[in-house]
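K.L.:
A single structure is presented below for examination.
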Amino acid sequence: MSNSILVLENVSKSYRSVGNWLGEPHYVTAVDNISLTIQPGQIYGLVGESGSGKSTLARLILVLEKPDSGKIIINGQDINAISGKLLRALRSKVQMIFQDPTSALDPSQTVEKAITEPLLNFTNMKHSARTQQVLELLKQVQLPERLMNAYPHQLSGGEKQRVCIARALAIHPKLIILDEPTSALDKSTQINILNLLKNLQKQHGLTYLLISHDLAVLNYICTHIGVMKHGKIIEEGYRKQIITSCTNSYTNQLIKTARLLNNFSLNIEYDN
Ligand SMILES: Nc1ncnc2c1ncn2[C@@H]1O[C@H](COP(=O)(O)OP(=O)(O)OP(=O)(O)O)[C@@H](O)[C@H]1O
Ligand SMILES: [Mg+2]
5 MSNSILVLEN VSKSYRSVGN WLGEPHYVTA VDNISLTIQP GQIYGLVGES
55 GSGKSTLARL ILVLEKPDSG KIIINGQDIN AISGKLLRAL RSKVQMIFQD
105 PTSALDPSQT VEKAITEPLL NFTNMKHSAR TQQVLELLKQ VQLPERLMNA
155 YPHQLSGGEK QRVCIARALA IHPKLIILDE PTSALDKSTQ INILNLLKNL
205 QKQHGLTYLL ISHDLAVLNY ICTHIGVMKH GKIIEEGYRK QIITSCTNSY
255 TNQLIKTARL LNNFSLNIEY DN
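If you're matching positions, the sequence shown starts at 5 in the working numbering and goes up one per residue.
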């Protein structure tokens with residue numbers, strides 16, 4: 005569809021892996037012929053066990069790697085067919101939030117510097133306007149102004165992740181890819197961050213691709229869920245449909261596991 009924010013058409017990516025004892029090469033198909041469409045305003049959750057290819061898919065969308073075959077189209081543009089200014093402009097529309105906010109932040113940079121960096125790289129804003137924007141972003145992620153001069157080691161995990169979210173929002177992206185954004189946080193911080201992400205999504209009309217191995221996290225926030233196994237999307241649909249009436253035995257197993265871990269308490273009062 006022309007107004008889709010992200011379209012993947014038969015995308016595959018293999019890696020040459022460690023060979024056997026004879027030294028014969030071995031290939032791992034991390035992403036196996038995936039087709040996927042995400043519309044503006046969706047929160048698309050990708051769930052799957054470790055090694056199913058979720059992060060590889062994220063790296064392909066971020067143009068950190070090239071697919072072996074297939075097309076990735078963001079905002080109508082084939083990302084592997086453009087370069088230079090066009091690619092740079094497109095890149096500014098797609099931001100990433102990682103699992104570990106500690107390694108995502110430069111320990112020698114203050115919060116203000118971290119959030120200012122994308123503004124320096126992608127806008128012509130004057131110093132005073134940038135400071136104003138940093139203050140506004142801190143407000144949006146519910147961090148006090150005084151933390152502007154703090155260094156990462158002076159912040160909690162949740163606060164660091166809020167800084168990463170503020171930095172991602174700074175240049176008004178359309179699509180944000182979140183790879184396990186709350187798995188490094190304790191349960192209550194996890195819920196606070198998920199609520200913040202949900203509010204920001206509504207407020208700014210953002211689109212998320214949210215990657216997690218935890219179905220309860222996706223169940224709490226997503227509009228759509230895709231299930232990945234061995235590099236393929238084996239089932240996808242509306243969140244409610246997947247959670248309440250999926251037919252796939254693997255997905256059922258994931259739901260059972262999430263229930264066993266008692267994580268479905270995350271679902272309370274959420275109805276989308
Ligand atoms: N650079 C690489 N070189 C070789 N193999 C790789 C590389 N990156 C990923 N792989 C392999 O590709 C497969 C998919 O890895 P990927 O990191 O995408 O999985 P994942 O779903 O993100 O897992 P996790 O939930 O543990 O983060 C794995 O078998 C992995 O070993
Ligand atoms: Mg991963």
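All residues carry an ideal CB built from backbone N, CA and C; glycine is no exception.
Treat the numbers as computed from the prediction; the structure is a model and nothing was measured.
1) Can Gly287 be considered in contact with ligand 1, in the sense that its beta carbon sits closer than 6 Å to one or more heavy atoms?
2) Pick out whichever of Arg134, Thr251 and Gln257 has its Cα sitting closest to the Cα of Thr120.
3) Taking the straight line between their C-alpha atoms, what separation do you get for Val145 and Asn24?
4) Between which two residues does the beta strand (DSSP E) carrying Gln46 extend?
5) Roughly how many angstroms separate the alpha carbons of Pro44 and Ala220, rounded to a whole number?
6) Considering only their Cβ atoms, is the gap separating Met152 from Glu116 smaller than 7 Å?
7) Residue range of the beta strand (DSSP E) that Leu182 falls in?
8) Candidates Ala34, Leu12, Leu10 and Val11: which alpha carbon is nearest Ser21's?
9) DSSP three-state label for Ser18, please.
10) Any heavy atom of ligand 1 within a distance shorter than 6 Å of the CB on His176?
11) Return the CA-CA distance between Thr227 and Tyr242, expressed in angstroms with no decimal places.
12) Along the chain, which unbroken stretches of the beta strand (DSSP E) at least 3 residues long are found entirely within the region 148-199?
13) From Glu239 to Gly230, what does the alpha carbon distance come to, in whole angstroms?
14) Please indicate yes or no: does the CB of Val32 lie closer than 6 Å to some heavy atom of ligand 1?
15) Could you check the C-alpha separation between Ile259 and Asn128 for me, to the nearest Å?
16) Measuring only the C-alpha atoms, how far is Ile180 from Leu26?
17) Just tell me which of Asn79, Val98 and Ser59 has its CA closest to the CA of Thr41.
18) Are the Cβ atoms of Lys17 and Asp104 separated by less than 7 Å?
19) To the nearest angstrom, report how far apart Val11 and Ile76 are at their CA atoms.
P.N.:
The relevant details are as follows:
1) The chain is shown from 5 up to 276; residue 287 falls before or after that span and cannot be answered.
2) Arg134
3) In this structure, the CA atom of Val145 is about 49 Å from the CA atom of Asn24.
4) Taken as a continuous stretch (DSSP letters only), Gln46 belongs to no beta strand (DSSP E), as it is neither H nor E.
5) 23 Å
6) The answer is yes: Cβ separation under 7 Å.
7) Leu179 to Asp183
8) Ala34
9) strand
10) Incorrect: His176 has no Cβ contact closer than 6 Å to ligand 1.
11) 6 Å
12) 179-183
13) 6 Å
14) Result yes, Cβ under 6 Å from ligand 1.
15) 48 Å
16) 43 Å
17) That would be Asn79, whose Cα lies nearest to the Cα of Thr41.
18) no
19) 6 Å
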